[in-house]
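Peer 1:
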Amino acid sequence: MKLLVALLPLLGLTLAQASPQASFDDWHPAVSSDLRGPCPGLNALANHGLLPRDGKNLTLPNVVKGLAAINVTAETATILFGAAIRTSSDPTSGAFTLADLAKHGIIEHDGSLSREDTALPGGDKTTLNQEVYEDFLSHFEGTTEVSIKLAAQARWGRIQASKDANPQHRYNPSDRFNSYAETGVYFQTLMDPKKGTVPLAYLKTLFEEERFPCKEGWKPLNVVSGFGMAQLILQLALNTPDEANTVAGMNEVFQAQLP
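For reference, each letter of the sequence shown is one residue, going -18 to -1, 1 to 241 in mature numbering (1 follows the signal peptide of the UniProt record, and there is no 0).
(1) Out of V54, Y168 and M211, state which residue places its alpha-carbon closest to the alpha-carbon of C21.
(2) From N227, M211, G93 and A230, pick the residue whose C-alpha is nearest to that of A59; which is it?
(3) Could you check the C-alpha separation between P195 and I52 for me, to the nearest Å?
(4) For a quick check, are the C-beta atoms of P181 and G199 less than 9 Å apart?
(5) In the DSSP assignment, find the alpha helix (DSSP H) that holds residue 313 and state where it starts and stops.
(6) Within 10 angstroms of the Cβ of S96, are there 16 or more other Cβ atoms? Answer buried if so, exposed if not.
(7) At the level of alpha carbons, what is the spacing between T125 and D72?
(8) Classify V206 as buried or exposed, calling it buried when 16 or more other Cβ atoms lie within 10 Å of its own Cβ.
(9) Going by C-alpha to C-alpha distance, which of A134, G166, Q3 and L62 sits closest to L220?
(10) Would you mind reading off the limits of the alpha helix (DSSP H) that contains I141?
(11) Determine which residues share a DSSP beta bridge with P181 and list them.
(12) Starting from N29, trace the alpha helix (DSSP H) in both directions and tell me its first and last residue.
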């Protein structure tokens, strides 16, 4: 029952329909005065002009509108905003920057798929770390399609690498949720709905260029909802050899995100 209670905020936010097709044509990389953060997806939305290009003054209305471009429901975008505003240097302003998201232990976490841990040399959370990223990609060697099983393996591999390298490694229930969500978001956003897998070329474009892979054939076909995220997180957990992934353990993961 407690697990169901923890899931209710996610499970109830699923009724939004696909948003009108946004234009991804106006893309260019960030310039030196722009702010970027630890999330390739949000950085890409800014590079496409679907969030403020300078990465500043992200408010609830423009976050909901920007995320709608990739079919994130308004309710789910509001939950994301509620977490993100906690990173703001002035939460009472009602706005945050993409760079604010790099603050450790709120959304940003150890064992990132593309960023070095904050406590380690090279722990710049705003840019891709090539060594970390190559470690992540090594789990997909020999395939062109990323399955749930492979995505779970890659996520867990990064957690283990962080644990081995970082004496200050942290992996509490909130960190576990954020780690699962990091994989769940890219998977749900980029997944081919007919195959149930993510083309590796799409993933590389998003992480390496911080661009949505429209030229490669991607379209925002999947509604990114709380229910979908909850399902994906549970699928990832089922494919992860983590002793903490008991019913009680996963209940703690979801409970950690409640106000």
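The C-beta atom is built at its ideal place from N, Cα and C for all residues, glycine as well.
Peer 2: Looking at the atomic coordinates:
(1) Y168
(2) M211
(3) 12 Å
(4) yes
(5) This structure does not reach residue 313, given that the chain is present from -18 up to 241, and the question cannot be answered.
(6) buried
(7) 45 Å
(8) buried
(9) A134
(10) I130 to A147
(11) E127
(12) P22 to N29
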